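*Asks:* Pasting a structure below so you can have a look.
Numbering (the working numbering), first residue to last: 53 to 536.
Given below as structure tokens:
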């Protein structure tokens, strides 16, 4: 489907969706104008003033985005949190353009955020990094497939049920966030009063000196314990990082073979040309389904290989009783519970359009990670989701029309500024005062914000296009019409 539309008014020069609009059917900052596609076929559509057009509301919202993203990044939430309430509901951007903007905000903010996280220490064991790479591997194994399925499901639903399901999810997770916030607060209070609990929460077993002095352990076992402890304290453990990045790269290559109703595969339609020998690989042909099957099969093969490799290492840890409570690959049912949590994370992120970090933080705490470690590990996994979303943006057909390169750097700068100021300051406060439970209250506040944004966006669309527009099936392969 061609997305190269030009507006007839130089002031309203950004095509903002709404083909076949009415005079009052485009909302604020928009105008229903005559537009031309790249084949000079005339129709009407909503045209918006420039993305960076200075006015009081736009400037205020862009300034507000900085602290919102900066604070939300503490709880592994990124640019997606501003898409619905700010970019769509207030500034009235089309979903596609709002998605492009959030992709730029997410990637820049998370790159800087990861630098801070890599430099942090475990709050209970300063020698260890704050990221738990073992559980992160399992989460990132499951996310690519489920993220793909979740986004495809969202593309096929009308706006009303989609917004309703999203609001129901937010309402369901709100009491869970409050519960874990209180639970973590109690744990932190106990730690402040009893230093022995710190060792227990850190999951320490024996110190290296104790294991050397214990006659029950052989010299080889003592040496093995030292080696395992040294690996556990590595800031950038090579094997877990390579497994995570390798799995992501393979899955992403397969995802780029896939097309969708609004995006062609860059391998087969780099210029959006549908009249060529690869037409059978279009978004509404069986090729798409075959790619999903291939993606699922390859993902299962990688998952099985990683499971047996990491399980063997965990069984080795059992011989010296090394961190016995940090077991994610043994017994097998625990691995599949964690994998299911990772799958749920991707499904929620693709379907809801945000809340990946929210889901991860909650489930990781359920697997006995303390709040600070859960937040850092969730951010590490969320970084890969940001790369996946940003890659889709780069190959998307709307990039050149909706968000030129110069405007992209403005939003990169906003994301970087948010983390350098508010996120950095927040990490210092969390460490200084041992208040990791605040992360859950931050996420709760973001949930409330997005519930309000979803309601406002639904009302805005109903007012503009009528209630029936909320129930209409979107342009999918069931009613997809290509411009010829």
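All residues carry an ideal CB built from backbone N, CA and C; glycine is no exception. Note that this is a predicted model, so its numbers are computed, not measured.
(1) At what residues does the alpha helix (DSSP H) containing residue 136 begin and finish?
(2) In chain order, which continuous runs of the alpha helix (DSSP H) of length 4 or greater are located wholly inside the segment 343 to 406?
(3) In whole angstroms, give me the CA-to-CA distance for residue 503 and residue 224.
(4) With 16 as the cutoff for other CB atoms within 10 Å, does residue 332 come out buried or exposed?
(5) Using the Cα positions of residue 57 and residue 106, report the straight-line distance between them to the nearest angstrom.
(6) Provide the residue span of the alpha helix (DSSP H) that contains residue 207, from first to last.
(7) Following the continuous beta strand (DSSP E) through residue 100, name the residue where it begins and the one where it ends.
(8) Just to confirm, is the Cβ distance from residue 402 to residue 430 under 7 Å?
(9) Express the C-alpha separation of residue 69 and residue 238 in angstroms, rounding to a whole number.
(10) Pull the bridge partners of residue 181 from the DSSP assignment, please.
(11) Do residue 318 and the ligand ADP come close, with the Cβ less than 6 Å from some heavy atom?
(12) Identify whether residue 84 lies in helix, strand or coil by the three-state DSSP scheme.
(13) Answer yes or no: do residue 166 and residue 435 have a C-beta to C-beta separation smaller than 7 Å?
(14) Per DSSP, what are the beta-bridge partners of residue 58 in this structure?
(15) State the Cα-Cα distance for the pair residue 470 and residue 495, rounded to the nearest angstrom.
(16) Do residue 312 and residue 335 have their CB atoms nearer than 7 Å?
(17) Kindly indicate which residue of 281, 84, 233 has the alpha-carbon position closest to the one of residue 375.
(18) Is the separation between the beta-carbon of residue 121 and that of residue 498 shorter than 7 Å?
(19) DSSP state of residue 148, grouped into three classes?
(20) Please report how far the alpha carbon of residue 104 lies from the alpha carbon of residue 522, in whole angstroms.
(21) Got a sec, what are the start and stop residues for the alpha helix (DSSP H) residue 281 sits in?
(22) Along the chain, where does the alpha helix (DSSP H) that runs through residue 316 open and close?
(23) Taking the alpha helix (DSSP H) that residue 467 belongs to, which residues open and close that run?
(24) For residue 319, I'd like the list of residues in its chain whose CB is within less than 7 Å of its CB, leaving aside the five on either flank, ordered along the chain.
(25) Could you give the DSSP three-state label for residue 71: helix, strand or coil?
(26) Would you call the CB atoms of residue 162 and residue 438 closer than 7 Å?
(27) Can you tell me whether residue 87 is buried or exposed, with buried defined as 16 or more other CB within 10 angstroms of its CB?
(28) Check residue 66 in the structure and name its three-state DSSP category.
(29) Take residue 404 as the anchor and find which of 96, 111, 209 has the nearest alpha-carbon.
(30) Out of 66, 433, 467, 316, which one is the CA nearest neighbour of residue 299?
(31) Can you tell me whether DSSP reads residue 287 as helix, strand or coil?
(32) Can you tell me whether DSSP reads residue 335 as helix, strand or coil?
(33) Apply the 10 Å Cβ neighbour rule to residue 174 and answer buried if 16 or more other Cβ atoms are within range, or exposed otherwise.
(34) Would residue 142 and residue 118 qualify as a contact pair, given that the criterion is a beta-carbon distance under 7 Å?
(35) What residue from 513, 406, 481, 285 has the CA that sits closest to residue 177's CA?
(36) Taking contact to mean 3 or more Cβ pairs, one atom from each stretch, closer than 8 Å, check whether the segment 478 to 485 and the segment 194 to 203 are in contact.
*Replies:* With the structure as the only source:
(1) Under the DSSP assignment, residue 136 falls outside any alpha helix (DSSP H); it carries neither an H nor an E label.
(2) Within the segment 343 to 406, the complete alpha helix (DSSP H) runs of at least 4 residues are 384 to 404.
(3) Spanning the two alpha carbons is a distance of roughly 12 Å.
(4) That one is exposed.
(5) Distance between the alpha carbons of residue 57 and residue 106 is about 23 Å.
(6) Following the DSSP letters along the chain, one finds residue 207 inside the alpha helix (DSSP H) bounded by residues 185 to 207.
(7) The continuous beta strand (DSSP E) containing residue 100 extends over residues 94 to 100.
(8) In this structure, residue 402 keeps its C-beta atom at 7 Å or more from the C-beta atom of residue 430.
(9) Looking at the two C-alpha atoms, the distance is approximately 50 Å.
(10) BP columns for residue 181 point to 173.
(11) The model on display carries no ligand, and the ligand ADP is accordingly not part of it.
(12) Note: residue 84 maps to strand in three-state DSSP.
(13) In this structure, residue 166 lies near residue 435, with their beta-carbon atoms less than 7 Å apart.
(14) Partner residues in the beta bridge of residue 58, as assigned by DSSP, are 88.
(15) If I take the Cα positions, the gap works out to 17 Å.
(16) Inclusion of residue 312 and residue 335 in the CB contact set at 7 Å is warranted, their separation being smaller than that value.
(17) The shortest C-alpha separation from residue 375 is found at 281.
(18) With respect to the 7 Å criterion, residue 121 and residue 498 are not classified as neighbours on the basis of their beta carbons.
(19) In the structure shown, residue 148 adopts helical secondary structure according to DSSP, grouped into three states.
(20) Distance between the alpha carbons of residue 104 and residue 522: 29 Å.
(21) Segment 271 to 284, the alpha helix (DSSP H) holding residue 281.
(22) First-last for residue 316: undefined, no H or E at that position.
(23) Run containing residue 467: 457 to 470, per the alpha helix (DSSP H) assignment.
(24) Closer than 7 Å at the Cβ level, and outside the excluded window around residue 319, lie 308, 309.
(25) The answer is coil: DSSP assigns residue 71 none of H, G, I, E or B.
(26) Yes, the Cβ-Cβ distance between residue 162 and residue 438 is below 7 Å.
(27) Looking at its Cβ environment, which holds 16 or more other Cβ atoms inside 10 Å, residue 87 is buried.
(28) Secondary structure at residue 66: strand, using DSSP grouped into helix, strand and coil.
(29) Proximity to residue 404 across 96, 111, 209 peaks at 209, based on C-alpha coordinates.
(30) The candidate whose alpha carbon is nearest that of residue 299 is 433.
(31) In this structure, residue 287 counts as coil in the three-state DSSP scheme.
(32) In this structure, residue 335 counts as coil in the three-state DSSP scheme.
(33) The residue in question, residue 174, is buried, as its Cβ has 16 or more Cβ neighbours within 10 Å.
(34) No, the pair does not count as a contact, with Cβ atoms beyond the cut-off.
(35) Cα-wise, what sits closest to residue 177 is 285.
(36) Contact between the segment 478 to 485 and the segment 194 to 203 is absent: fewer than three C-beta pairs spanning the two stretches fall below 8 Å.
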